[in-house]
Each structure stands twice: as C-alpha cells, then as structure tokens.
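Encoded structure:
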C-alpha cells in the first residue's frame with residue numbers, strides 16, 4: 018500500500034509535467050486583458066480603394082517568445098464601413114519586409130465595429146507552420162480585394178512598437194513604414210485556446226501532490 | 022550735372038521697378054486655410070481650395086467644396102491667405118460666387134510639397150522629415166469634410182495630439198452618424214494612414 022501511495026504521487030507529478038507542452042501557449046502577444054485588450058477607436062487604416070480612394074495594407078514584424086507550431090491567430094481589427102472582408106498572411110522576413118508567405122487566410126470578417134472593444138478576428142485550426150525564436154516574422158492584414166469598399170482599422174496595441182510595412186497594392190509589394198505603433202494581435206500555439214498561467218499550473222501540481230500525499234498517509238496508518 | 026540726371030533716372034527706374042514687383046507679389050495670395058459653411062456649421066476645406074486654385078476659376082457650391090455642412094442654408098467660403106510680404110487677408114465668397122484662381126497659390130506646406138499631389142500611400146517627394154498632414158477627412162459615408170489644413174495647423178513641434186470630435190474638426194459633416202477621421206500623414210519620410218473614431222484621441226507620432 019505504501020508503494021502504491023508513492024506510485025500515485027509520482028504519477029500525479031508525471032501527468033502534471035507531461036501536460037505542459039501539450040497545452041496551447043502564447044508564441045507572441047501584445048494584447049491586454051479585460052476592457053484594455055487594445056486601444057479601441059484608433060488604429061492603422063486597412064482599406065480598398067472603393068471608399069477612401071486608396072488602398073492600404075499593414076504588416077507588423079514580430080518574434081516569438083518560444084519555438085512552436087501556430088494554432089491560432091487573433092487580430093484586433095475593427096470594421097468601419099464597406100465590404101467587411103480581410104485577408105491575413107503570416108510571412109517570413111525578407112530584408113526587413115514581408116517575404117515568403119507561410120500561411121494565408123481569406124475572406125475574414127471582423128466581428129468588432131471600429132471604436133468598440135474587445136472582439137478579435139480569430140483564425141483557428143492552423144497547423145503546419147512552425148516558428149522559431151530569434152527569427153523575424155510578419156503578420157499582415159489587407160483588404161480581400163484592393164478595389165473593394167472595405168474601410169477597416171487595425172487597432173493599436175496598448176504599448177507595443179515594431180517595424181512596420183505598408184502596401185498600397187493589397188500586399189503584392191511592400192514599403193517600410195518605419196518603427197511605430199504595432200497593431201494588436203496574438204499568435205498562439207497548439208490549436209489555440211486559453212493559455213494556462215504558470216502559477217495556475219504550479220497550484221494544480223501542488224494540489225495534486227498534496228492530495229495524493231494525504232491519501233498515502235491515510236493508507237500508511 | 023549730366024551725371025546727376027543719369028543717376029536720378031536710374032534711381033527712378035529702380036523705384037518704379039521695385040514698386041511694380043511689390044504690386045505683383047501682392048496679387049499672389051497663398052492659401053493658408055479655408056473653411057466653408059455658416060455660423061457654427063463650418064468645415065475645413067483648405068486642401069480642396071488649394072487644389073482648386075491651381076486650376077481654372079471655380080464656383081463656390083457644395084459640389085466644388087465636396088460637402089454640405091448646413092443643408093438648406095446659404096453658405097460662405099472663407100479663404101485665409103498670405104501674400105509675399107507676409108500680409109494676411111481674408112477673402113469671403115458667398116455660395117454661387119466665382120473665385121478668381123489667378124490671385125491665389127495653393128502652397129503653404131513645409132518642405133515645398135503640395136498636399137493634394139501624389140498618391141496618399143506613395144513615397145514622399147521631398148526631404149522634409151517632420152510631421153506633415155498630407156490629407157485628412159472627417160465624416161461618415163460620402164458626407165466627409167476635408168480637415169487637412171485644420172490638422173496641419175494643430176501640429177506643434179512635429180507632433181499632433183487631438184481629441185476627435187465635431188468641435189475640433191470644425192463642424193458636423195454627417196449629423197446623427199458616428200464619424201471617423203482618416204489621416205494620411207508623412208513623418209520621417211514614411212507615409213501612413215490612420216483611422217480614429219469620433220470621441221477618441223489621435224496622437225501622431
């Protein structure tokens with residue numbers, strides 16, 4: 018019985034430890050929490066030529082905080098007027114500008130009217146895109162069609178700045194936009210979902226060890 | 022005596038020439054700002070007027086101004102201009118009157134760039150590195166007013182900080198609708214477009 022108690026205790030720790038890499042993690046995020054997910058009501062214009070007379074697509078450079086496979090992307094882009102259709106790409110870096118396209122998602126609609134907070138345009142179920150720490154990547158948001166009437170805006174993040182790229186032809190060619198306020202987004206690994214905090218995991222593990230420890234003590238008596 | 026006469030003649034010619042050049046300079050007024058409307062319902066049309074005065078004479082109406090800030094009311098176009106000697110003057114034109122484009126120039130931006138020229142997303146054509154408002158409009162749908170000059174006038178030390186509302190934008194171009202401010206600006210050689218919802222602060226850079 019004593020051996021069984023120890024075994025259960027070790028099993029609890031093993032379950033806790035092995036579950037860590039399997040859970041979704043945050044590869045990159047500049048999103049805040051609660052009602053401050055991003056700066057609502059001010060952002061980079063994303064547009065086709067139909068309403069404003071010009072098209073603008075924006076690319077934001079980022080690096081991931083740990084190696085991982087992309088499972089979900091959330092973008093704080095708002096809808097102003099016109100056709101609510103965006104195109105998003107995740108690109109490799111090419112001399113400080115968006116390069117090879119690693120993933121592209123079309124005909125995305127923003128669920129958030131610009132000026133409000135804090136719905137996100139979510140792309141989930143992503144697989145097959147592995148990102149590495151220390152490497153520059155780009156997330157770009159463009160109108161689905163350069164000639165469309167889309168007028169949207171990529172809300173500024175609360176505080177992040179980054180290298181930016183600007184395109185006036187829907188992302189075919191890019192120009193440097195300098196180092197400036199970054200649009201709000203996150204990149205999650207392993208199929209997305211809520212990212213567990215380390216402290217929560219520690220609490221869970223401690224609780225399990227304690228519980229099995231108590232069981233073992235009872236069995237010893 | 023003969024030399025004195027010649028000297029006086031040269032002097033007289035020089036004075037006449039100087040007067041003539043002063044008069045010519047006074048004929049060319051640089052558009053500093055312009056607004057259109059009546060009483061408190063006025064919108065900034067600086068960029069529109071700067072573009073128009075580079076062409077033929079034009080009539081003042083809602084079509085040429087690109088906006089009707091006070092439906093059903095007689096409106097006035099006010100042009101605030103400066104001549105070559107720095108003298109400021111206001112020109113007022115009632116709706117329906119014709120503006121003589123020849124007496125105005127549309128310049129007035131640092132670095133010599135013309136705000137109405139070029140593609141908003143294109144690269145800058147001059148070496149000015151500070152903040153320049155290339156084009157800005159405020160409104161909703163097709164009821165939008167040009168606020169380029171107004172915003173440029175708010176730039177202090179190459180920085181623009183403004184709470185976007187009808188008061189700061191010079192009027193309400195779309196009564197009852199939620200409006201957005203669209204700004205195309207150039208800073209340190211980079212051109213960008215931002216959108217700001219009515220009621221929010223815009224800070225550039």
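Residue numbers (my numbering), protein chains in the order written: chain P, 18 to 238; chain E, 22 to 226. Every residue gets a Cβ at the ideal spot worked out from N, C-alpha and C, and that includes glycine.
Is the beta carbon of residue j closer than 8 Å to that of residue i?
| i | j | result |
| --- | --- | --- |
| residue 86 of chain E | residue 66 of chain E | yes |
| residue 170 of chain E | residue 63 of chain E | no |
| residue 132 of chain P | residue 199 of chain E | yes |
| residue 53 of chain P | residue 164 of chain P | no |
| residue 114 of chain P | residue 182 of chain P | yes |
| residue 62 of chain P | residue 170 of chain P | yes |
| residue 158 of chain P | residue 105 of chain P | yes |
| residue 48 of chain P | residue 93 of chain P | yes |
| residue 152 of chain E | residue 206 of chain E | yes |
| residue 220 of chain E | residue 195 of chain E | no |
| residue 42 of chain P | residue 144 of chain P | no |
Just how far apart, CA to CA, sit residue i and residue j?
| i | j | result |
| --- | --- | --- |
| residue 213 of chain E | residue 174 of chain E | 19 Å |
| residue 168 of chain P | residue 155 of chain P | 22 Å |
| residue 97 of chain E | residue 197 of chain P | 40 Å |
| residue 74 of chain P | residue 106 of chain E | 44 Å |
| residue 203 of chain P | residue 172 of chain E | 33 Å |
| residue 193 of chain E | residue 184 of chain E | 15 Å |
| residue 226 of chain E | residue 64 of chain P | 21 Å |
| residue 125 of chain E | residue 189 of chain E | 27 Å |
| residue 82 of chain E | residue 55 of chain P | 42 Å |
| residue 147 of chain P | residue 84 of chain P | 7 Å |
| residue 109 of chain E | residue 56 of chain E | 16 Å |
| residue 166 of chain E | residue 151 of chain P | 46 Å |
| residue 73 of chain E | residue 91 of chain E | 21 Å |
| residue 94 of chain E | residue 187 of chain E | 19 Å |
Let me check one thing: in DSSP terms, what residues is residue i bridge-paired to?
| i | result |
| --- | --- |
| residue 192 of chain P | P:183 |
| residue 60 of chain P | P:172, E:216 |
| residue 52 of chain E | E:102 |
| residue 55 of chain P | Note: residue 55 of chain P sits in no beta bridge, so no partner. |
| residue 200 of chain E | In DSSP, residue 200 of chain E forms no bridge with anything. |
Following the continuous beta strand (DSSP E) through residue i, name the residue where it begins and the one where it ends.
| i | result |
| --- | --- |
| residue 89 of chain P | 85-92 |
| residue 114 of chain P | 114-125 |
| residue 157 of chain P | 154-160 |
| residue 76 of chain P | 74-79 |
| residue 252 of chain E | With chain E represented from 22 up to 226, any question about residue 252 of chain E goes unanswered, as that position is not in the structure. |
How far does the alpha helix (DSSP H) with residue i in it reach, from first residue to last?
| i | result |
| --- | --- |
| residue 48 of chain P | Neither: residue 48 of chain P is in no alpha helix (DSSP H) and is coded neither H nor E. |
| residue 70 of chain E | 67-73 |
| residue 172 of chain E | 169-175 |
| residue 130 of chain P | First-last for residue 130 of chain P: undefined, no H or E at that position. |
| residue 136 of chain P | Looking at the DSSP string, residue 136 of chain P is not in any alpha helix (DSSP H), and its letter there is neither H nor E. |
| residue 221 of chain E | Where residue 221 of chain E is concerned, there is no enclosing alpha helix (DSSP H), given that its DSSP letter is neither H nor E. |
| residue 66 of chain P | 66-69 |
When every heavy atom of the ligand NAP is checked, does at least one fall within less than 7 Å of the C-beta of residue i?
| i | result |
| --- | --- |
| residue 102 of chain E | With respect to the ligand NAP, the structure offers nothing, as it holds no ligand at all. |
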